[in-house]
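K.L.:
This is the structure I have questions about; it appears just below.
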Amino acid sequence: MGSRVITPEDVLESLMNDGTIDAIRLKIINQLKANEELKNNTITMVEQSKVLNTPGAEKQTKRELFDALRRELETPVLEKASKAVWELILDNSGLGKEISETVERVYCRLSGHELAPVPPPPSTSDVQLEKEKEMKDKGEGEKTMETENSESSSRKRTFSEMSAQGTEVDANGSVDQPPVVSDDGVLPSANPKT
Numbered sequence: 062m063g064s065r066v067i068t069p070e071d072v073l074e075s076l077m078n079d080g081t082i083d084a085i086r087l088k089i090i091n092q093l094k095a096n097e098e099l100k101n102n103t104i105t106m107v108e109q110s111k112v113l114n115t116p117g118a119e120k121q122t123k124r125e126l127f128d129a130l131r132r133e134l135e136t137p138v139l140e141k142a143s144k145a146v147w148e149l150i151l152d153n154s155g156l157g158k159e160i161s162e163t164v165e166r167v168y169c170r171l172s173g174h175e176l177a178p179v180p181p182p183p184s185t186s187d188v189q190l191e192k193e194k195e196m197k198d199k200g201e202g203e204k205t206m207e208t209e210n211s212e213s214s215s216r217k218r219t220f221s222e223m224s225a226q227g228t229e230v231d232a233n234g235s236v237d238q239p240p241v242v243s244d245d246g247v248l249p250s251a252n253p254k255t
């Protein structure tokens, strides 16, 4: 039985239902209101507006001026605001990080996975210690391979293997080579008891 696939729509629906989207929207609006550069840009655009600097503008009603200003400046002001919002959303240290963590947490909750804590980036000393450990492990790995190779060469050989290698075997079955250690590490007795 396969597990259910969690879609982006599932995550979005959960964020909308629990009020997270509204909270994020409010944080974005508050940060836009506090954005002095965006405010100053908008003020400059209004001051340089053709609508306000056209002769006879002072004779128009507030409503007429507002509608004319909106038609003239709505697109460029919204483009700048949109750019500022995207900068907030994509910021890896501020609100953008908070959004990413929130989305990941909701996804993990919906999929039934635990969210693993993010390890801190390794310091220079940690990297050096890791390299030393790798070198030590590599050295121990080579020793292990040497031990395995020596163990495989010290296993008991059959009479036919020794004969094929040209080892001299006398009638008692003894050879003119040093004794061979068995797999269990015991030296075979030269005079087995029967």
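Note that the sequence shown covers residues 62 to 255 in our numbering. By construction, the Cβ of each residue, glycine as well, lies at the ideal position given by its N, Cα and C atoms.
Mapping DSSP to helix, strand and coil, what is A118?
P.N.:
Helix, per DSSP.
K.L.:
Return helix, strand or coil for S110, following the three-state DSSP convention.
P.N.:
The answer is coil: DSSP assigns S110 none of H, G, I, E or B.
K.L.:
Tell me which same chain residues have a C-beta within less than 7 Å of the C-beta of I160, skipping the five on either side of it?
P.N.:
These residues qualify, in order along the chain: I85 and I150.
K.L.:
Under three-state DSSP, which class holds R166?
P.N.:
The answer is helix: DSSP assigns R166 an H, G or I state.
K.L.:
Does the beta-carbon of V230 have 16 or more other beta-carbons within 10 angstroms, so that it is buried, or is it exposed?
P.N.:
Note that V230 has pLDDT 47, beneath the 50 cutoff, so the model's placement of it is unreliable and the number below is only indicative. Exposed: under 16 other Cβ atoms inside 10 Å.
K.L.:
Taking the C-alpha atoms as reference points, what is the distance between V72 and R166?
P.N.:
V72 and R166: Cα-Cα distance of roughly 10 Å.
K.L.:
Within 10 Å of its beta-carbon, does V66 have 16 or more other beta-carbons around it, so buried, or fewer, so exposed?
P.N.:
Label assigned to V66: exposed.
K.L.:
If I follow the unbroken alpha helix (DSSP H) through I82, where does it start and stop?
P.N.:
First-last of the alpha helix (DSSP H) with I82: T81 to K94.
K.L.:
Using CA coordinates, which residue listed in K158, E133, L76 and T122 is at the minimum distance from Q109?
P.N.:
When each option's Cα is compared against that of Q109, the closest is E133.
K.L.:
Measuring only the C-alpha atoms, how far is D152 from V146?
P.N.:
Taking the straight line from one Cα to the other gives about 10 Å.
K.L.:
Give me the Cβ distance between T105 and V138, rounded to the nearest whole Å; I'm assuming they're in contact under 8 Å.
P.N.:
Not a contact, Cβ separation roughly 11 Å.
K.L.:
DSSP three-state label for R65, please.
P.N.:
Looking at R65 - three-state DSSP - the assignment turns out to be coil, as it is neither helix nor strand.
K.L.:
Consult DSSP for S154 and reduce its assignment to one of helix, strand or coil.
P.N.:
Of the three classes helix, strand and coil, the one that applies to S154 here is coil, per DSSP.
K.L.:
Take K158 and list the residues in its own chain whose beta-carbon comes closer than 8 Å to its own, dropping the five residues that flank it on each side.
P.N.:
Counting only Cβ-Cβ distances below 8 Å, and skipping sequence neighbours, we find D152.
K.L.:
Using CA coordinates, which residue listed in G173, L156 and E162 is at the minimum distance from N91?
P.N.:
The option with the nearest alpha carbon to N91 is L156.
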